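Chemist:
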């Protein structure tokens, strides 16, 4: 479950008839929400905790002169056995205060794009690595005084086994930004870092997701359904930057063309003939032990295309993953076991709804910071809507106007159907 910020340039002609569709790229292009799926406002996944208070010095800005006017709530459902009569009451509750804190908080995402150009994992394989790299060109406009990272959230799906991001400075790995040594899809927490980390202009970031597919007989491709895979590390930080929200990699078309004889021209356009043909080629591959090793080598050495920035203003960088001086093996680092829940976390309490666009008037439109405080609780009761998931629907969306904020229903239990 992700709350996205729509780019400030986004305009919907009728606030009483906002988009409400199955959330795929084709619908996004048609309903005007294409620029609403890059910049994260907050995120929750299966196993996440209740929301906790944000740091005393920071909060999330909404309303007034804040330039984000629309938000999109994306829900992910997984019902492969077509079980009928399932109800859902997931959503997001924000608490706001009229007292501004010192810093506005933001999210910064590293990893890969969620498609077959970035992730293609052979079946029956142990510990397959998918690497990405955010180069200095993407971070050169960080504030001169740096930013402070306070939480980390690692995200993959059922085949994910571990996820880490390293901070690379002047060609040397300084430390893990975060290392989820034992990732479990059913326990996805947003972890408060035991020690806050400073990042500066020119810093680089190496991210690795490790997958195992011993239980699968077909290739696993990148995508948002639970049967596909993702690879992201999402970090909360301050002060908020408005020029970069993510830095995500995929294997470049040039490198893919060394393996694939078809046209790569339209493969980045979801649903195009070139994209469909490329995916079908991947699905038809026959896997032998020697070909799996060749595939590992390809994913390790292939050229990358990394995009960074914000929705509507992204730059593309073509590069190889550089060599860097790694952390010494003897260095002890904090490794987080997703199943323990020992560290305090920030998550999202699942209290919302499904299947309608919510747009309610907020009487006080001040420049609030979202915190876990109790002055104003924006809590809209949806009346306990019935959700009958009769088909294997993957996710749907809401677009929500921040002038008419936000979210939730009267059901307060954790829903194992949401992601």
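In our numbering, the protein residues as written are 678 to 1096. Glycine included, each C-beta is placed from N, C-alpha and C at the ideal position. Just so you know, these numbers come straight off a predicted model, no measurement behind them.
Closer than 6 Å: is that where the CB of residue 720 sits relative to any heavy atom of the ligand GTP?
Modeler: Absence of the ligand GTP from the depicted structure is noted, as is the absence of any ligand whatsoever, leaving it without description.
Chemist: Measure the alpha-carbon distance for residue 879 versus residue 999 and round it to whole angstroms.
Modeler: Residue 879 sits at position 202 when you count from the first residue of the chain shown. Residue 999 sits at position 322 when you count from the first residue of the chain shown. Approximately 14 Å, taken between the alpha carbons.
Chemist: What residues are listed by DSSP as bridge partners for residue 913?
Modeler: Along the chain shown, read from residue 1 onward, the residue named residue 913 stands at position 236. According to DSSP, which records beta bridges pairwise, residue 913 is partnered with 784, 828.
Chemist: Are the stretch 957 to 970 and the stretch 792 to 800 touching by the rule of at least three beta carbon pairs closer than 8 Å?
Modeler: The stretch 957 to 970 makes contact with the stretch 792 to 800, as at least three CB pairs between them are under 8 Å.
Chemist: Considering only their Cβ atoms, is the gap separating residue 690 from residue 708 smaller than 7 Å?
Modeler: Position 31 of the chain shown, counted from the first residue, corresponds to residue 708. Position 13 of the chain shown, counted from the first residue, corresponds to residue 690. It is not a contact, given that the beta carbons lie outside the stated cut-off.
Chemist: On the CB-based measure, 16 or more other CB atoms within 10 Å of its CB, does residue 839 come out buried or exposed?
Modeler: Locating residue 839 in the chain shown gives position 162, counting from the first residue. Classification of residue 839: buried, given that the 10 Å Cβ count is 16 or more.
Chemist: Between the stretch 907 to 921 and the stretch 935 to 949, can you find at least three pairs of beta-carbon atoms closer than 8 Å?
Modeler: no
Chemist: Give a yes or no on whether the C-beta atoms belonging to residue 929 and residue 995 are separated by under 7 Å.
Modeler: Mapped onto the chain shown, residue 929 falls at position 252. Mapped onto the chain shown, residue 995 falls at position 318. Cβ distance < 7 Å, so residue 929 and residue 995 count as in contact.
Chemist: Given a cut-off of 7 Å on the beta-carbon distance, is the pair residue 813 and residue 881 in contact?
Modeler: As a working mapping, residue 813 is identified with position 136 in the chain shown. As a working mapping, residue 881 is identified with position 204 in the chain shown. Yes.
Chemist: Within this structure, are the beta carbons of residue 863 and residue 724 separated by less than 7 Å?
Modeler: Stepping through the chain shown from its first residue, residue 863 is reached at position 186. Stepping through the chain shown from its first residue, residue 724 is reached at position 47. A contact, by the Cβ cut-off of 7 Å.
Chemist: Identify the continuous beta strand (DSSP E) that holds residue 956 and give its terminal residues.
Modeler: Numbered from 1 along the chain shown, position 279 holds the residue referred to as residue 956. Here residue 956 belongs to no beta strand (DSSP E); instead the alpha helix (DSSP H) covers 950 to 961.
Chemist: Can you list, in chain order, the residues of its chain whose CB lies under 6 Å from that of residue 895, leaving out five sequence neighbours each side?
Modeler: Working through the chain shown from its first residue, we reach residue 895 at position 218. Excluding sequence neighbours, residue 895 sits near 800.
Chemist: Please classify residue 968 as buried or exposed, where buried requires at least 16 neighbouring CB atoms within 10 angstroms.
Modeler: Stepping through the chain shown from its first residue, residue 968 is reached at position 291. Looking at its Cβ environment, which holds fewer than 16 other Cβ atoms inside 10 Å, residue 968 is exposed.
Chemist: Suppose you measure from the CA of residue 770 to the CA of residue 714; what does that come to, to the nearest Å?
Modeler: Here residue 770 corresponds to residue number 93 of the chain shown, with the count starting at 1. Here residue 714 corresponds to residue number 37 of the chain shown, with the count starting at 1. Their Cα atoms are separated by approximately 20 Å.
Chemist: Would you mind sorting residue 688 into buried or exposed? The rule is 16 or more other CB atoms within 10 Å of its CB.
Modeler: Indexing the chain shown from 1 puts residue 688 at position 11. Residue 688 should be labelled exposed.
Chemist: Give me the residue from 988, 853, 919, 907 with the minimum Cα distance to residue 1005.
Modeler: Position 328 of the chain shown, counted from the first residue, corresponds to residue 1005. When only C-alpha atoms are compared, the closest one is 853.
Chemist: Should the stretch 825 to 838 be regarded as contacting the stretch 864 to 872, the criterion being three or more beta carbon pairs within less than 8 Å?
Modeler: The stretch 825 to 838 makes contact with the stretch 864 to 872: 3 or more CB pairs, one atom from each, lie closer than 8 Å.
Chemist: Going by other Cβ atoms of all chains shown within 10 Å of its Cβ, with 16 needed for buried, is residue 749 buried or exposed?
Modeler: Within the chain shown, the letter at position 72 stands for residue 749. Buried, by the Cβ-count rule.
Chemist: If you run the structure through DSSP and keep just helix, strand and coil, what is residue 1085?
Modeler: For this step, residue 1085 is matched to residue 408 along the chain shown. Low confidence applies to residue 1085: its pLDDT is 31, below 50, so where it sits in the model is not reliable, and the reading given next is rough at best. Coil.
Chemist: With a floor of 4 residues, list each alpha helix (DSSP H) that falls wholly inside the stretch 875 to 910, ordered by position along the chain.
Modeler: Correct list: empty.
Chemist: Beta carbon of residue 631, beta carbon of residue 682: below 7 Å?
Modeler: Absent from the structure is residue 631, since the part of the chain shown begins at 678 and ends at 1096.
Chemist: If you run the structure through DSSP and keep just helix, strand and coil, what is residue 775?
Modeler: The residue you call residue 775 lines up with position 98 of the chain shown. Coil, per DSSP.
Chemist: On the DSSP bridge assignment, give the partners of residue 926 in chain order.
Modeler: By 1-based counting over the chain shown, the position of residue 926 is 249. Looking at the DSSP assignment, residue 926 forms a beta bridge with 789, 983.
Chemist: Hey, would you say residue 910 sits closer than 7 Å to residue 788, going by beta carbons?
Modeler: Walking along the chain shown from the start, residue 910 turns up at place 233. Walking along the chain shown from the start, residue 788 turns up at place 111. Cβ atoms of residue 910 and residue 788: closer than 7 Å.
Chemist: For residue 971 and residue 783, what's the separation of their Cα atoms in angstroms?
Modeler: Looking up residue 971 in the chain shown gives position 294. Looking up residue 783 in the chain shown gives position 106. Rounded to whole angstroms, residue 971 to residue 783 spans 40 Å at the Cα level.
Chemist: Out of 889, 921, 920, 922, point me to the one whose CA is closest to residue 906's CA.
Modeler: The sequence position of residue 906 within the chain shown is 229, counting from 1. It is 889 whose Cα lies nearest to the Cα of residue 906.
Chemist: Which residue wins for smallest C-alpha separation from residue 792, given the options 988, 992, 901?
Modeler: By one-based count along the chain shown, residue 792 stands at place 115. Taking residue 792 as reference, the option from 988, 992, 901 with the minimal CA-CA separation is 901.
Chemist: Under three-state DSSP, which class holds residue 836?
Modeler: On the chain shown, position 159 is the one that residue 836 refers to. Note: residue 836 maps to coil in three-state DSSP.
Chemist: In whole angstroms, what is the alpha-carbon distance linking residue 861 and residue 887?
Modeler: As a working note, residue 861 is residue 184 in the chain shown. As a working note, residue 887 is residue 210 in the chain shown. Annotation: residue 861 to residue 887 spans about 12 Å, alpha carbon to alpha carbon.
Chemist: Would you mind giving the Cβ-Cβ distance between residue 671 and residue 821, rounded to the nearest angstrom? I have them listed as a contact below 8 Å.
Modeler: The structure shown does not extend to residue 671, since the chain is modelled only from 678 through 1096, so no value can be given for it.
Chemist: Which first and last residues belong to the beta strand (DSSP E) in which residue 738 is found?
Modeler: To locate residue 738, count along the chain shown from 1; it is residue 61. Note, residue 738: beta strand (DSSP E), 735 to 739.
Chemist: Check the DSSP bridge columns for residue 994 and list the partner residues they point to.
Modeler: Within the chain shown, residue 994 is the residue found at index 317, counting from 1. Answer is 983, bridged to residue 994.
Chemist: Ignore the nearest five residues each way along the sequence and tell me which others in residue 875's own chain have a CB closer than 7 Å to its CB.
Modeler: Looking up residue 875 in the chain shown gives position 198. Excluding positions up to five away in sequence, the list reads 823, 825.
Chemist: What does the alpha-carbon distance come out to for the pair residue 978 and residue 893?
Modeler: One-based indexing of the chain shown puts residue 978 at position 301. One-based indexing of the chain shown puts residue 893 at position 216. Those two C-alpha atoms are separated by around 25 Å.
Chemist: Residue 684 and residue 988: beta carbons closer than 7 Å?
Modeler: Translated into the one-based positions of the chain shown, residue 684 becomes position 7. Translated into the one-based positions of the chain shown, residue 988 becomes position 311. Yes, they are a contact pair.
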